Amino acid sequence: MKPPPFDYVAAADLDEALEALADASVETRPLAGGQSLVPMLNFRLAAPERLVDLNGIDELSRIEETEDGGLHLGAMVRHRQLERDPLIVRRTPLLAEAAPFIAHPQIRSRGTVGGSVAHADPAAELPAVFLTLGARVRIARRSRDGESGSRAERTLALDDFFLGPFFSALEPDELLIAIEVPPSTPGEGTAFDEVARRRGDYALAGVAARMRLNSGGVCEEAAISLVNGGSTPCLMREAARTLVGAEPAPEAIGAAAAACAETSEPAADMHASEAYRRHLIRTLTARVVSRAAARART
Amino acid sequence: MSRAGGTWVGARVPRNEDARLLTGRAQFVEDVEPPGTLHVAFVRSDLPAGRLRRLDVERARSHPGVHAVFTAGDLGPLLHPGAMLVPPPPLEGLVFHARTALPLVRHRIRHQGEALAMIVADSRYVAEDAAQLVEADIEPLDPVVDLGRALDESTPRVHEDLPSNLAAHVRQTKGDYAAARARADLVLERRFSYDRGIGGAIENRAVVAEWDARADRLEVWDTTQAPIPVRNVVAAALGLSESQVRFIAPFVGGGFGPKIMFYAEEILVPWASIRLGRPVKWVEDRYENFFATTQERGQLHRAEIAVTREGRILGVRDIFIHDSGAYDPYGLTIPINTQCTLLGPYHVPSYESEFRVAFTNKPIVTPVRGAGRQHGVFIMERLLDLAARGLGLDPVEIRRRNVIGPEEFPYNHEIMYQDFAPLRYDSGSYEESLEEAVRLVGHETFPRERERARADGRAVGVGVVNYVEGTGIGPYEGARITVEPSGTVRLATGVGTQGQGHFTAFAQIVADAVGVAPSDVRVVTGDTSDFHWGTGTFASRGAVVAGNAIHAAALSVREKILRHAAEALEVDPEDLELVNGAARVRGAPDLSVDLGALAVRANPLRGAVEPGTEPGLEATSYFGPPYGTTANGTHALVVAVDPETAMVEILRYIVVHDCGTVINPTIVEGQIHGGVAAGIGNAFYEELVFDEFGGTSNASFMDYLLPTSTDVPPIETAHLETPSTLNPLGTKGVGEGGAIPVAAAFAQAVEDALADIAPGLEVLDIPLSPGRLFDLLRTRRESRESHAESAGGPS
């Protein structure tokens, strides 16, 4: 369990990191919190020729309010900050609610939001949570031949970012630099819950939900996404749609939970059968959506 | 200083070792790195069964930084099967096939992780790089994975020279079960499976060896639980005298059984050091540990109980298969523990027990904390629960009606135990322990609590189960105690220490005898240059066997102190007391002499010493018990089950136990807490998962789920003290008891919690993972629904 040899570059700024990633002659992987990459190196499941360390790049650690009142989270913001940063806790309580489910404090102190999203693990909490929040990712790379300027950036809806298990829209020369969360609106409630074998384990199943009610208590918008509900982090659009246009009564929530379980595609593994996962998805969806609705009402 | 109003034995003395452990000064094998040390990585088979056709190590040999690559062909006389550590007891009709592994595979691979080659390099990193360059051409063979089919005629053989995969067959009986069955009012039969897992010590195994060519001496640092026997095996294998080889087992980060084994690495690493003339170090990593270190696993039982209408046991029949893995170096310890411990604290007038041990293509099975006792306790306690249900009795009541009473000791169960002696209980507190647990858990009023919880939408249940544990078996241990001129008392014993608090508990025994504080006793364990007679730390025997050897040596030293002090003070020894590190005259505390001064007096540089006397204030003693002493206890727990998620939460955990004389309650409670944590892991979390190809699917702590601090509830403990009649201190072992009955208690409590939601649900398989509980709940629901449909439908 020792990694194979690799070169190491401690990038002083973003341009230096993008420079290293742009060099196609050396297989380079960015090192953020290292909570997934380092174990993969030690098990020799990954053997990049070079690591470019992002930990010294200050601009990637920013937490800011965007012009429209949303949140800008630099890719190197740590999971622990989601629990503790006053701006995050106030603006997007769903992040603060879900973060404690991620592994253990030591891991949360190192692990980063950008690393978690870029890793595109369907069993991770943050991809599901950011999907529910309608987040977008900002991606940068060094300008390619013929492009003007030194740096090129693009922004992608998170829903378009996840392409498969551990597979995202990132090109080899690209770096996820920030996640942007739209502002919450009045009448909105969110909730998160999961079932894990032990506290801190990957969830057998987890659910994040967001719901907006009008003054009459009718649901105007709903979003549900699942942890370990399929091969990619995904929004459960159909199930969420069934909630819109009516009051979130227990029967409606039960029907949405059933739809969620039915349309999910959970995998079987040593910890849970497909049937058990589906059952958990149904149970958790009912509980989480009810809680989100109750929070939207207050 | 002396302890006011009593003895040190029994006191909550803070641990002598904690200052070193907690400030990072304790020496572990990993910390040992002499200058010039080379590092080892093993190339291990990914396949569990195969023929090694060709092994090409040339690229690895020429990799920069590699000093040597050894394969089976390089081993010369070392290439013979490993030691048969524990031969089976002499049982009538016994079948036993001994098979142990070669240090490195020559032709046949029998389990995943068997070592093919040993790479010695400048660093572990380089050694692992070179390991990737070794090319092994292996012809895969069909692996034997499924224990239930391991003994079928059509199943491939693990050992090609044997007619089948049968490693052993044992039958033990008492009374006439057939007659008991014919007489019974209720006979219940069930199939059970009980699985276990790894030892899961926080420190993996490690060996550092340094051959000193000038001194002609070999020094080996090793994480073993048995430094002396391992030293002797290694010396013999390498053609050295035992006195040329020093084994040191310093602080070891947990043993739990697997480190009692003898392993090929313990010979190969010293051998490589001699060959290369350099210190050589191997530290097992966590991945290797899942294959290269022994583990415990499953048994499949078909068991039957025959009871009267009143719930009295007439007899039990149990037939089971035990998974030995690829080899059986530890003999029959585990299945015999299962066979014997099943009888528990109960009257069982007739017993028919038969087991077969099967070879499989899985890592080697040897004892892990509890060592097969869990399996037996689970079967018996479940049979009692099922019988109680069948008779409409409370689970506690059926136990009351069958436990052995306090006047019935010594009690003879008539069958043979793992120590080759008949299974006899010297003493115990079975009724008292059960009643105390029932009282502490509030069993009488629990139905009201259950109702209250149900009103809150929660399903809670209670479980109360008993166990016994055969502990403190022979053959013997020894101890040497020396009073040094500084007044410090030095104790050396052969057993190694892996976190049991030996440096304190042993010191307390000495402190009482010679009148010093435990902190003034310097304890040395597990260094063969300090003490080289003994067997090791296993079978919950440290406090019993080493403890009583220490007690005996301490009393001898006390005699010497009193004799020398009487001479020095010119008084009768009868008039002396040993207090605060000095001998003083009773009633005249000013007339005293320090132990240090007496030590100098006992070792004069000039003058005549009486013939027949020995120098110094020193004594060596040994203790060997006639047979094992039996500890007992009762566990009670309360669980809450979420029937929707199948998750179980332990709300309360109560342990009433009796390990005879308690030397240090804090240390005993630590043992119990650790044991219960291991038991919770076994009951709910831990499982080695083998795929159809025989590979371990969860060889990491990401997927092999050890319980963490948040999964183990606070444990309420009550100590009962029924002294053992088999040793002067009255001690019994407590190292494993905490782990033994947990799954049985857990199963009873979960069934109790679900009694209304899923009546008739039976927990017959351990571990009871939430996935498994979900399946049980679903099956119960479906059968009820179909039952309701057919009952309500048109006829």
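Residue numbers (my numbering), protein chains in the order written: chain A, 24 to 321; chain B, 3 to 797. Note that CB positions come from ideal geometry on N, CA and C, so glycine has one too. This structure is a prediction, so every number in the text was calculated from the model and none was measured.
Helix, strand or coil: how does DSSP classify residue i here?
i	result
B:Asn291	helix
A:Asp144	coil
A:Thr306	helix
B:Val640	strand
B:Leu442	helix
A:Ala299	Per the sequence shown, residue 299 of chain A should be read as Tyr rather than Ala. Helix.
B:Leu93	coil
B:Trp535	coil
A:Phe184	coil
B:Val334	For the sequence presented, residue 334 of chain B should be read as Leu rather than Val. The answer is coil: DSSP assigns B:Leu334 none of H, G, I, E or B.
A:Cys257	strand
A:Asp168	coil
B:Lys283	strand
Can you give me the Cβ contacts of residue i inside the same chain, cut-off strictly under 6 Å, excluding the 5 residues immediately before and after it?
i	result
B:Val485	Val491, Leu597, Ala601, Leu619
A:Glu126	The amino acid at residue 126 of chain A is misidentified as Glu; the sequence shows Ala. Once the five neighbours on either side are set aside, the close Cβ partners of A:Ala126 are Gly223.
A:Arg318	Gly212
B:Arg452	Val462
B:Val88	Tyr332, Gly333, Thr335
B:Val691	Ser699, Asn700
B:Gly626	Gly476, Pro477, Tyr478
Decide if residue i is buried, meaning its Cβ has at least 16 other Cβ atoms within 10 Å, or exposed.
i	result
B:Phe703	exposed
A:Tyr31	exposed
B:Val414	Note that residue 414 of chain B is Asn in the sequence shown here, rather than Val. Answer is exposed; the Cβ neighbour count stays below 16.
B:His65	buried
A:Asn237	exposed
A:Ser132	exposed
B:Ile669	buried
B:Thr447	exposed
B:His789	exposed
A:Gly92	exposed
B:Asp754	buried
A:Leu307	buried
A:Leu117	buried
B:Thr73	buried
B:Pro252	buried
Among the options, which one has its Cα closest to the Cα of residue i?
i	options	result
B:Arg603	B:Pro575, B:His566, B:Thr632	B:His566
A:Arg210	A:Ala219, A:Asp182, A:Val241	A small fix is needed here, since residue 210 of chain A is Gly in this sequence, not Arg. Selected option, being the one with the closest Cα: A:Val241.
B:Leu393	B:Leu779, B:Ile307, B:Ala51	B:Ile307
B:Asp806	B:Ser785, B:Glu437, B:Pro231	Absent from the structure is residue 806 of chain B, since the part of chain B shown begins at 3 and ends at 797.
B:Gln174	B:Tyr419, B:Ala239, B:Tyr265	B:Tyr419
B:Trp535	B:Val285, B:Gly630, B:Val643, B:Glu244	B:Glu244
A:Gly239	A:Ala146, A:Pro71, A:Thr321, A:Leu96	A:Thr321
B:Ala152	B:Ala328, B:Glu94, B:Ala181	B:Ala328
A:Leu198	A:Leu64, A:Thr255, A:Asp76	A:Asp76
A:Pro205	A:Ala175, A:Ala158, A:Pro188, A:Leu179	A:Ala158
B:Gly115	B:Ala745, B:Ala123, B:Leu106	B:Leu106
B:Gly465	B:Arg233, B:Glu268, B:Glu94, B:Tyr655	B:Tyr655
B:Asp713	B:Gln227, B:Leu593, B:Gly681, B:His109	B:Gly681
B:Gly697	B:Asp48, B:Phe30, B:Arg456	B:Asp48
A:Thr208	A:Ile200, A:Gly187, A:Ile202, A:Arg233	A:Arg233
Who are the near neighbours of residue i in its chain, counting only those whose CB is closer than 7 Å to its CB and skipping five residues on each side?
i	result
B:Arg185	Leu316
B:Ala590	none
A:Pro123	Glu106
Near residue i, what residues of its chain come up, given a Cβ to Cβ distance below 8 Å and the 5 sequence neighbours on each side ignored?
i	result
B:Asn291	Ile200, Asn206, Arg207
A:Lys25	Asn65
Tell me whether residue i, by its Cβ, gets closer than 7 Å to a heavy atom of the ligand COA.
i	result
B:Glu212	With respect to small molecules bound, the structure shown includes none, and the ligand COA cannot be examined in it.
### Query
Using Cβ-Cβ distances below 8 Å, what residues of the segment 708-719 of chain B are close to chain A?
Within the segment 708-719 of chain B, contact with chain A at the beta-carbon level (separation under 8 Å) is assigned to Pro709, Thr710, Thr712, Asp713.
### Task
Please list the residues of the segment 294-305 of chain A that have a C-beta atom closer than 8 Å to any C-beta atom in chain B, keeping them in chain order.
Against chain B - using a Cβ distance shorter than 8 Å - the residues of the segment 294-305 of chain A are His294, Ala295, Ser296, Ala298, Tyr299, His302, Leu303.
### Query
Using a Cβ cut-off of 8 Å, which residues of the segment 766-780 of chain B contact any Cβ in chain A, in chain order?
Ser771, Pro772, Gly773, Phe776, Asp777, Arg780
### Query
According to a CB-to-CB cut-off of less than 7 Å, which residues of the segment 646-680 of chain B neighbour chain A?
Glu646, Thr647, Met649
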